[in-house]
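Number of protein chains: 2
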Amino acid sequence: MDVRTICLGILTRGDATGYEIKKLFEEDGYAFFVEASFGSIYPALNRLTEEGLVSVREEAQTKRPDRKVYSITPAGRQAFLASLLEPLSEDRYRSPFLFAMLFCDLLPQGSVERVLDDYIAHAERKLTQLSEGNPETNGKGERFVRDFGRTMYVAMLQYLREHRSEFKAEALKAAE
Amino acid sequence: MDVRTICLGILTRGDATGYEIKKLFEEDGYAFFVEASFGSIYPALNRLTEEGLVSVREEAQTKRPDRKVYSITPAGRQAFLASLLEPLSEDRYRSPFLFAMLFCDLLPQGSVERVLDDYIAHAERKLTQLSEGNPETNGKGERFVRDFGRTMYVAMLQYLREHRSEFKAEALKAAE
DNA sequence: CACCCGCTATATTGGGCCGATATAGATCGA
DNA sequence: TCGATCTATATCGGCCCAATATAGCGGGTG
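Going line by line, the protein sequences match chains A and B.
For the first sequence, the working numbering assigns the number 363 to the initial residue and increments by one for each residue that follows.
For the second sequence, the working numbering assigns the number 363 to the initial residue and increments by one for each residue that follows.
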């Protein structure tokens, strides 16, 4: 799922600038399963324009950089649908947190607890962020995805809270 | 969590060749939260050698490429611990599946069901793979991580099975 | 027995993507 | 009024992945 396809998908929902596409990822609860940086979005939009899959209209603004508003073209819609129908690449989950936990026995007392608590706090923030998304604008797909995310975070938090004490006990045992 | 740090971590558990490091990712249940390709592992090991964080001994083999067995040095251990103690970068979860589900209303009948079923089958495979890892060699960290993964996959499968019918109903409704 | 597939093992290359940085005026709160 | 934050585009270095190349060995199948 490359950035070009992601941009096309976003544009099927409505016109947007590169900047707005980036913001969608951060705010609207997409953040937990897709993301892209400016360094990939802008080149992607340029290439899509060259290929005729999107069109641009530049809105000149006084003393600001021109807003380049992108729209998906019929050819773009077709290409997007085609890419949805071919085999999806695998999900990838990369977790520096879990990797670090593998080596908890090497870490000094207390620091494992700190890492765990930070991670729990972070997951809680993510969960509330997911739950707060305005529900009235959501279609079937959005609902499915949002509830998927919520389910995962809930399960994760439950697991973390249940097992937190194991790493506290270690500190106690070491102190004896 | 760059590839160099990951390699260092693996090497704290014992010596290994680049090839063996790659295999560890695929087999030992690490696969669900870290991964690296040859194209990043080999250069990483070269640079770590230059920096004195690992050492190499070449085992010449008749008519095969030499085995280059890497060991972590004391400086390497120190550097690895230091990188575990500084702030961890965020987990990232990228899901072409969820992205595609966002656009389920654009897809032809039946194909959403197919995508869902494929995904469920795939998750089941991952779960059994995680559960099969030999448990006797596992320390505290390994157990925590493996059970974390299992918990997540179980929650995911439950959610998917509960909601699968929603996308079947659509096909039925369209057929009326 | 011949053949092919898959495994061990290293390495390179092209291209995709991230993170940081640059620019620059607008707007808003302290 | 001054700094911070926001809108908005863009580039660059560097990391990383996927694919490909090489090459002999071992095992299974016809």
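For every residue, glycine included, the Cβ atom is placed at its ideal position computed from N, Cα and C.
Using 8 Å as the Cβ pair cut-off and three pairs as the minimum, do the stretch 479-488 of chain B and the stretch 515-529 of chain B touch?
-> Flag = yes, the stretch 479-488 of chain B and the stretch 515-529 of chain B touch.
Reduced DSSP secondary structure (H/G/I, E/B, other) of residue 409 of chain B = In the structure shown, residue 409 of chain B sits in a helix (DSSP, three-state: H, G or I).
Mind listing, in chain order, the continuous beta strand (DSSP E) runs of no fewer than 3 residues lying wholly within the stretch 444-488 of chain B?
-> Runs found: 454-456.
Can you list, in chain order, the residues of its chain whose CB lies under 7 Å from that of residue 526 of chain A, leaving out five sequence neighbours each side?
-> Non-local beta-carbon contacts of residue 526 of chain A in its own chain, meaning distances under 7 Å to residues more than five positions away in sequence, involve 478 in chain order.
Just confirm the distance between the C-beta atoms of residue 383 of chain A and residue 403 of chain A, as a whole number of angstroms; I'd bet it's less than 8 Å.
-> Yes, they are in contact, since the Cβ atoms of residue 383 of chain A and residue 403 of chain A sit about 6 Å apart, within 8 Å.
Going along the chain, which residues of the stretch 398-426 of chain A sit with their C-beta nearer than 7 Å to a C-beta in chain B?
-> Answer set for the stretch 398-426 of chain A: empty.
Run through DSSP, which three-state label would residue 505 of chain A get?
-> When DSSP states are grouped into helix, strand and coil, residue 505 of chain A belongs to the helix group.
Helix, strand or coil at residue 622 of chain A [DSSP, three-state] = Only positions 363 to 538 of chain A appear in this structure, which leaves residue 622 of chain A out of reach.
Starting from the beta carbon of residue 542 of chain B, find every residue of chain A whose beta carbon is closer than 7 Å, and list them in chain order.
-> It is not possible to answer for residue 542 of chain B, since the shown part of chain B is limited to 363 through 538.
If we cut at 7 Å on Cβ distances, does residue 369 of chain A have a partner in chain B?
-> Cβ-Cβ to chain B under 7 Å: no for residue 369 of chain A.
Contact belief for residue 467 of chain B with residue 502 of chain A at Cβ below 8 Å, rounded distance in angstroms = Taking a contact as a CB-CB distance under 8 Å, the pair residue 467 of chain B and residue 502 of chain A counts as one, their CB atoms being some 6 Å apart.
Whole-Å CB distance - residue 395 of chain B paired with residue 455 of chain A, under 8 Å assumed | Indeed, because the Cβ distance is near 6 Å, the residues count as touching under 8 Å.
If you check the beta carbons only, do residue 492 of chain B and residue 391 of chain B fall under 7 Å apart?
-> Yes, these two residues count as a Cβ contact at 7 Å.
Over the uninterrupted alpha helix (DSSP H) stretch that includes residue 386 of chain A, give me the two end residues.
-> Looking at the DSSP string, the run of the alpha helix (DSSP H) that includes residue 386 of chain A is 380-389.
Residue 366 of chain A and residue 406 of chain A look like a contact to me (Cβ under 8 Å); what is the Cβ gap, rounded to whole Å?
-> Their Cβ separation, rounded to whole angstroms, is 5 Å, which keeps residue 366 of chain A and residue 406 of chain A in contact under 8 Å.
Integer Cβ distance of residue 459 of chain A from residue 364 of chain B, believed to fall under 8 Å = The Cβ separation is near 15 Å, so there is no contact.
Should residue 387 of chain A be flagged as near chain B, meaning a C-beta pair shorter than 7 Å?
-> No, residue 387 of chain A lies away from the interface with chain B (no Cβ there is under 7 Å from its Cβ).
Own chain, CB closer than 7 Å to residue 530 of chain B, minus 5 neighbours either side, in chain order = If you ignore the 5 residues before and after residue 530 of chain B, its C-beta comes within less than 7 Å of the C-beta of 475, all in its own chain and listed in chain order.
If we call anything under 7 Å between Cβ atoms a contact, is residue 393 of chain A one with residue 387 of chain A?
-> Contact: yes.
In whole angstroms, what separates the C-alpha of residue 446 of chain A from that of residue 508 of chain A?
-> In a straight line, the C-alpha of residue 446 of chain A is about 20 Å away from that of residue 508 of chain A.
Would you list, in chain order, the members of the stretch 501-522 of chain A that have their beta-carbon closer than 7 Å to a beta-carbon of chain B?
-> Residues passing the 7 Å Cβ filter: 501, 502, 503, 504, 506, 507, 510, 513, 514, 517, 518 and 521.
Per DSSP, residue 431 of chain B is paired with what?
-> Note: residue 431 of chain B sits in a beta bridge opposite B:419.
Beta carbon of residue 444 of chain B nearer than 7 Å to that of residue 415 of chain B | In this structure, the beta-carbon distance from residue 444 of chain B to residue 415 of chain B does not fall below 7 Å.
Members of the stretch 451-462 of chain A near chain B, C-beta cut-off 9 Å | The stretch 451-462 of chain A vs chain B, Cβ under 9 Å: 451, 452, 453, 454, 455, 456, 457, 458, 459, 460, 461 and 462.
Assign residue 516 of chain B to one of three DSSP states: helix, strand, or coil.
-> In this structure, residue 516 of chain B counts as helix in the three-state DSSP scheme.
Note down, in chain order, each residue of its chain lying with its Cβ closer than 7 Å to the Cβ of residue 401 of chain B, except the 5 sequence neighbours on either side.
-> Excluding sequence neighbours, residue 401 of chain B sits near nothing in its chain.
Residue from A:432, A:482 and A:463 with nearest C-alpha to residue 376 of chain A = Comparing C-alpha distances from residue 376 of chain A to each of A:432, A:482 and A:463 shows the shortest one belongs to A:432.
In chain order, what residues of the same chain have a beta carbon less than 7 Å from the beta carbon of residue 409 of chain A, not counting five sequence neighbours either side?
-> 366, listed in sequence order.
Mind reading off the beta-carbon distance from residue 450 of chain A to residue 462 of chain B? Whole number of angstroms is fine, and I expect it under 8 Å.
-> Residue 450 of chain A to residue 462 of chain B, Cβ: 6 Å. Contact.
Using a Cβ cut-off of 7 Å (strictly closer), state whether residue 474 of chain A contacts chain B.
-> Residue-level contact check: residue 474 of chain A does not touch chain B, since none of the beta carbons of chain B fall below 7 Å from its beta carbon.
Answer with yes or no whether the minimum CB distance from residue 396 of chain A to chain B is below 7 Å.
-> By this cut-off, residue 396 of chain A is an interface position.
Quick one: list the residues of chain B neighbouring residue 311 of chain A, beta-carbon separation under 7 Å, in chain order.
-> Because chain A spans 363 through 538 in this model, residue 311 of chain A falls outside it and cannot be assessed.
Rounded to whole angstroms, what's the CA-CA distance from residue 528 of chain B to residue 457 of chain A? Just pull it up for me.
-> So the two alpha carbons sit approximately 31 Å from each other.
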